[in-house]
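Asks: Residue numbers (my numbering): 1157 to 1675.
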Amino acid sequence: DKIEIDPSILASMPKDMVLQHRIIPINRITNNLILAVGDPTNLGLFDAISAKLGVKLRLKLASDLSIQNALNRYYGASDEAAKIAAQQKSTQQSRPTSRSTSISAAGGGGGNESGESYVISYIEKLMLTAAQRRASDIHIEPFEANMRIRLRVDGSLLEYKPTPRFEFRDAILSRVKLISGLDIFEKRLPQDGNTKLDIPGLGKMDFRVSSLPSVWGEKIVLRLLDKSNLQLDMTQLGFDSEQLDQFKDCILKPFGMVIVTGPTGSGKTTTLYSALNELNRITDNVVTAEDPVEFTIPGICQVNVKPDIEFTFSKALKAFLRQDPDVIMVGEIRDLETGEIAMKAALTGHIVLSTLHTNNAAESIERLRNMGIDRFTIVSALNCVVAQRLVRKICNECRIEDNVPPEKQIALGLPEKYVGKFKIYRGAGCDVCNNTGYKGRAAIYEVLVVNEPVKRAIVDGLTALDFKRIAMANGMQTLRQSAWKKVYRGISTIDELVEASGSDEDTRQPNRPENLRSA
């Protein structure tokens, strides 16, 4: 309503076509004609218009009121528009419907619901339900004869019901792409976008959207970025008191590097953000390079790297060093150049936070060495490495005692004399937890402080397993031991212990269950 449309743009589309389909040409960029539309789901129509005019179309969603106002203003024919629209509706109702060209005529779930309103309400309900269930991701997957919708809740994918009616497959995908700012006509290449939705009780929720071309259509994944679920208080993350003291000591040193490691989805971002929150003081300049920025923190300069224009982590780091920083966070050390610049920054009076993808803390040291970073530089710059995983928490509404065979407990590192000394629980499954037995997640940690014995091992060129054994001899708690504490306290299950710490190799030093009682 507030923009002026150039007359030459208006002239690019026949008036009868505009009035008949209630679409407004608003701009043109090279061979791309941008249309304001009320219903973006009628793909057959837009394909036909594109072919007829010989241009590519880009659609912008507009309200019916905005479109009507534009028709009145630029075409001066509100009565004519209404008449043509009525004639078109009558024509559509008198002939067989086609999913590809007249999706609104196919009807919705309730009989009287139009195709457009069915698609809109289905997508909004899906996004709302995902937010209410605290899902991290929504998966929309087309197949040959059906669609599958799944939600990732507490790390596991669960099927969402009801599945959408198959005749609305293309419309569902187009709707998500449109509200996310993606090109609905580009189906050959992956695309990334974002959207927002107001969630009752939760406020405005951000969704990061990714499309991927597949054999049966585009698979779309929406990542929920729920800031209300972001835990910035590091005392609530899951660290034991000794681990927390070690971590805080390392990030509060005058300089040095702290690395957080773990697979995708293990909570590394939350741990880093909690550290940034701890370091976010008026006296310090805190800058971050992220890919992408997932949550904004007031008082911190956060930067999105853009590899497609060669604005990489290493280039961001070089720029940061000219910005008088005190604390630097770089999303990931992906190559030697980034690693060397980060280490140099850590040695010149800065605290540097970053991540790697390794199985445990000791392997991160070996990864840095294998990248080509000098071992003496590692020894001088690295304060500590934190490895982490997420374990699912037992649902409080259906928690029951679990009968775990003694030999299994022993095989998982519990000395025989402690078997049977405490109860082990699991979830039976109920409506509250969607019959999974789990509700929520908790973190387990492994904090490897680079002290003198570890430094000597690095300089001597020992292996990751050697680093781990030396660290354990000096009191480091492993991921397996951290998981056992969650089992001992009735927070999680044996199955989660195995899942989260299955890669925790035998270090010839048994789990010390007396530490289970330490907080």
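Quick reminder that beta carbons are idealized off the backbone N, C-alpha and C, glycines included.
Determine the closest residue to L1221 out of Y1278, I1180, K1171, L1345, with distance taken between C-alpha atoms.
Replies: For L1221, the nearest C-alpha among the options comes from I1180.
Asks: Measuring only the C-alpha atoms, how far is K1245 from F1299?
Replies: Note that K1245 scores a pLDDT of 45, beneath 50, so its modelled location is shaky; the value from the coordinates is reported in the next line. Distance between the alpha carbons of K1245 and F1299: 32 angstroms.
Asks: Just the Cα atoms here: how many angstroms apart are I1550 and H1295?
Replies: Straight-line Cα distance between these residues: approximately 25 angstroms.
Asks: Just reading off the alpha helix (DSSP H) that D1326 is part of, what are its end residues?
Replies: Counting along the chain, the alpha helix (DSSP H) containing D1326 begins and ends at 1325-1335.
Asks: Pick helix, strand or coil for C1586, following the three-state DSSP scheme.
Replies: Three-state DSSP puts C1586 in coil, outside helix and strand.
Asks: Using a Cβ-Cβ cutoff of less than 8 angstroms, which residues in the same chain neighbour I1566 once the five nearest sequence positions on both sides are dropped?
Replies: So the list reads E1572, V1575, once near-sequence residues are dropped.
Asks: When you compare each of T1186, G1569, R1545, I1580 to R1555 by their alpha carbons, which one comes out closest?
Replies: Ranking T1186, G1569, R1545, I1580 by Cα distance to R1555 puts I1580 first.
Asks: Please classify D1326 as buried or exposed, where buried requires at least 16 other C-beta atoms within 10 Å of its C-beta.
Replies: So D1326 counts as buried.
Asks: Do S1367 and I1376 have their CB atoms nearer than 7 angstroms?
Replies: Yes, they are a contact pair.
Asks: Go to T1533, then tell me how far its alpha helix (DSSP H) extends in each direction, as first and last residue.
Replies: Here the alpha helix (DSSP H) through T1533 covers 1531-1537.
Asks: Under the assumption that V1483 contacts V1442 (Cβ atoms under 8 angstroms), give the Cβ distance between them as a whole number of angstroms.
Replies: That belief holds up - the Cβ atoms of V1483 and V1442 are roughly 4 angstroms apart, short of 8 angstroms.
Asks: Which ranges does the beta strand (DSSP E) cover as unbroken runs of at least 3 residues, wholly within the region 1454-1522, from first to last along the chain?
Replies: Correct list: 1457-1460, 1483-1486, 1507-1512.
Asks: State yes or no: is the C-beta of S1657 nearer than 6 angstroms to some heavy atom of the ligand ADP?
Replies: By its list of ligands, the structure shown contains no ligand whatsoever, and the ligand ADP lies outside what it can speak to.
Asks: Does DSSP put K1404 in a helix, in a strand, or in coil?
Replies: Of the three classes helix, strand and coil, the one that applies to K1404 here is helix, per DSSP.
Asks: In the DSSP assignment, the beta strand (DSSP E) including R1636 goes from what residue to what residue?
Replies: Where R1636 is concerned, there is no enclosing beta strand (DSSP E), although the alpha helix (DSSP H) it sits in stretches over 1635-1644.
Asks: Alpha carbon to alpha carbon, what distance is there between P1463 and G1311?
Replies: If I take the Cα positions, the gap works out to 28 angstroms.
Asks: What's the C-alpha gap between L1313 and A1286?
Replies: Roughly 12 angstroms separates the two Cα atoms.
Asks: Can you give the Cα-Cα distance for I1614 and W1372, rounded to whole angstroms?
Replies: One C-alpha to the other measures close to 51 angstroms.
Asks: For G1631, count the other beta carbons within 10 Å of its own beta carbon; 16 or more makes it buried, fewer makes it exposed. Which is it?
Replies: By the 10 Å Cβ count, G1631 comes out exposed.
Asks: Are the beta-carbon atoms belonging to G1404 and V1416 less than 7 angstroms from one another?
Replies: Rather than Gly, the amino acid found at residue 1404 in this sequence is Lys. Contact flag unset, no.
Asks: If you reduce the DSSP assignment to three classes, tell me which class A1656 lands in.
Replies: Helix.
Asks: With which residues is P1181 paired in a DSSP beta bridge?
Replies: P1181 pairs with L1191.
Asks: Strictly by DSSP, which residues pair up with F1411?
Replies: Answer is none; F1411 lacks a bridge partner.
Asks: How would you call P1170, buried or exposed, if buried means at least 16 neighbouring beta carbons within 10 angstroms?
Replies: The residue is exposed, with fewer than 16 neighbouring Cβ atoms inside 10 Å.
Asks: How would you label C1406, buried or exposed, when you count the other beta carbons within 10 angstroms and need 16 or more for buried?
Replies: It is buried - the Cβ of C1406 has at least 16 other Cβ atoms within 10 Å.
Asks: Going by DSSP, what residues sit across from Y1601 in a beta bridge?
Replies: Per DSSP, Q1544.
Asks: Starting from S1366, trace the beta strand (DSSP E) in both directions and tell me its first and last residue.
Replies: First-last of the beta strand (DSSP E) with S1366: 1359-1370.
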